[in-house]
Amino acid sequence: MNDLKEFIKKRRYLFWYIKDPVNNLSEESVIEHILNYGDWNDAQEMIKIMGMKKVAKIFREKSKKSPMGRCNYKPKTIHYFDLYFNKYA
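Structure below.
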């Protein structure tokens, strides 16, 4: 978890609107922010820290629309990482 906190500290610009992102974000939120707004290196480092299977599992759970029809992932992000995790996770 400390590695993840250091990872977030280095990328505060991705969480600019959150007062204390290091202590106030769930793993689900970190994954969402990195996959939506980070670059390829950010995604790869996050996967290295958290593990491919864990990131893929959380992404698959959270990339589906809620009963109210809401999803925080961009459509292109969902499409790309669906293909990516289906191949590598």
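To convert, note that position 26 of the sequence shown is 26 in full-length UniProt numbering; the numbers rise steadily by one, no gaps.
Using N, Cα and C, we set each Cβ at its ideal position, and we do this for glycine too.
It should be emphasised that the depicted structure is a prediction, and the values quoted were computed from it without experimental measurement.
* Own chain residues within Cβ distance below 6 Å of Cys-71, not counting five before or after -> Only Lys-65 meet the Cβ criterion.
* Integer Cβ distance of Phe-7 from Met-52, believed to fall under 8 Å -> 16 Å between Cβ atoms; not a contact.
* Best match in Tyr-13, Leu-14 and Val-55 for proximity to Phe-85 [C-alpha to C-alpha] -> Val-55
* Could you tell me the distance, in whole angstroms, from the CA atom of Trp-40 to the CA atom of Ile-18? => 22 Å
* Could you give the C-beta distance for Leu-14 and His-33, rounded to a whole number, given that I count them as a contact under 8 Å? -> 5 Å
* To do: Count the other CB atoms, across all protein chains shown, that sit within 10 Å of the CB of Met-50; report buried if there are 16 or more and exposed otherwise.
  => buried
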